[in-house]
Amino acid sequence: MLGLKQVHHIAIIATDYAKSKAFYCDILGFTLLSEAYRVERDSWKGDLALNGQYVIELFSFPFPPARPSRPEACGLRHLAFSVDDLDRAVKHLEEHGVKCEAIRVDSVYRQAFYFFQRSGRSFRWSFTSSKRHPV
């Protein structure tokens with residue numbers, strides 16, 4: 001057995017570093033652990049934590065190519081987070097101008113909803129909850 005312990009982090013290239021950092025930190029509640037501007041690459045790099053655990057390595061690069069999302073492309077599709085109250089999560093995001101889809105119920109993941117980052121990133125995120133949402 002290889003002996004993997006956990007996912008260490010997820011690297012994300014932002015189309016607009018400042019907007020993406022604000023989205024993750026100010027709206028989703030991540031904490032900025034460290035940040036550096038790399039002159040030789042004309043690139044920002046930020047390390048973001050959720051509940052004290054390093055999770056996302058956020059980058060900017062000049063003129064990164066777009067990732068096609070429709071039709072579905074190979075690669076990262078979405079990140080999923082757990083919350084205790086889906087309705088409260090939707091309300092919080094909508095109060096910050098984030099577009100949310102209707103809450104869905106399925107047989108595998110119970111209920112979830114998808115929302116889209118304001119900076120125009122094409123990937124989706126989903127929240128799931130341990131509480132059942134009325135169908």
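Using the UniProt record's numbering, read the sequence shown as starting at 1 and increasing by one per residue.
Heads up, the beta-carbon is just placed ideally off N, CA and C, and yes, glycines get one too.
Under the rule that 16 or more other beta-carbon atoms within 10 Å means buried, what is Y24, buried or exposed? Counted from its first residue, the sequence shown places residue 24 at position 24. Y24 is buried by the Cβ-count criterion.
Meets three-Cβ-pair contact criterion under 8 Å: the stretch 90-104 and the stretch 43-55: Contact between the stretch 90-104 and the stretch 43-55 is absent, because fewer than three Cβ pairs lie under 8 Å.
Would you check if the distance between the CB atom of F61 and the CB atom of I10 is smaller than 8 Å? Counted from its first residue, the sequence shown places residue 61 at position 61. Counted from its first residue, the sequence shown places residue 10 at position 10. Cβ atoms of F61 and I10: not closer than 8 Å.
Based on the DSSP secondary-structure assignment, which residues constitute the bridge partners of L50? Here residue 50 corresponds to residue number 50 of the sequence shown, with the count starting at 1. L50 pairs with Q53.
E57 versus M1, F115, L2 and H8, residue with shortest Cα-Cα distance: Here residue 57 is taken as the residue at index 57 of the sequence shown, counted from 1. The residue from M1, F115, L2 and H8 with its alpha-carbon nearest to that of E57 is H8.
With distances taken Cα to Cα, identify the nearest neighbour of L33 among K19, K45 and M1. Here residue 33 refers to the residue found at position 33 when the sequence shown is read from its first residue. The residue from K19, K45 and M1 with its alpha-carbon nearest to that of L33 is K45.
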